[in-house]
Structures are given as structure tokens and as C-alpha cells.
Amino acid sequence: MTCITYVAVFGLDGNGRPHAACFAEHDAALAIKAAHALGYRTLQLPDAKLAHELRLGNVFGRGPAFVPRVSRARFERLLVGAEAGVDDTGVRR
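Numbered as in my numbering, the sequence shown ends at 98 without a single skipped number.
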């Protein structure tokens with residue numbers, strides 16, 4: 006069993022604006038559940054570098070307090086990571 010160190014939650018809001026945040030292991034389960042309810046994606050971040058570039062999310066926040074807005078470039082980097090073979094549970098396909 007692998008340890009989830011960081012989980013990124015990311016997606017587009019209703020206006021097409023990118024949102025992304027990092028969640029530590031102790032908040033990962035709640036963050037993943039909330040992300041799926043919002044239609045956002047999740048990605049296990051094996052590299053702490055990208056995790057530290059994202060703001061911390063708040064599992065008890067609503068809207069932007071849960072997952073704040075990010076630049077389009079940072080959002081695109083998350084998409085590339087997601088397309089590299091990691092599914093929404095962080096397991097390689």
C-alpha cells in the first residue's frame with residue numbers, strides 16, 4: 006500500500022476559470038470526496054515540488070475557500086500530470 010503524501014484537487018468552475026489546491030494526507034479522503042461531488046479531478050502528487058507551488062485547500066471551505074483559483078499555466082501542468090497515467094485515486098494505470 007502506498008502512502009498518499011499530497012493530493013491535488015483541480016477543475017474548472019462554471020465560468021471556465023481554473024481552480025487547484027493541495028491537500029495533505031490527513032485531509033485527502035475528504036478532499037477527494039468533495040472534489041468528485043464538484044466534478045473536479047484529483048491527482049496524487051509524488052513530487053513535493055508541485056505540491057508546494059499550490060495553495061493549501063480547506064476541506065471545510067466553500068467555493069474558492071475549498072479550492073482557490075490558479076493560473077492557467079499551473080492548471081495545465083496538473084492536466085499534463087493527470088494525462089501521464091495517474092487516475093483520480095492516484096494509482097498508475
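Just so you know, even glycine gets a beta-carbon here, dropped at the ideal spot from N, CA and C.
Between residue i and residue j, is the Cβ-Cβ spacing less than 8 Å?
i: A25; j: R79; result: yes
i: Y45; j: V14; result: yes
i: R67; j: P23; result: no
i: A29; j: V64; result: no
i: T10; j: A53; result: yes
i: V75; j: G62; result: no
i: L50; j: A42; result: no
In chain order, what residues of the same chain lie with their CB nearer than 7 Å to the CB of residue i, ignoring the 5 residues before and after it?
i: A87; result: R46, L48
i: L83; result: A13, F15, A25, L48
- Every unbroken alpha helix (DSSP H) within the segment 40-75, with a cutoff of 4 residues, ordered by chain: Complete alpha helix (DSSP H) runs here, min 4: 53-58.
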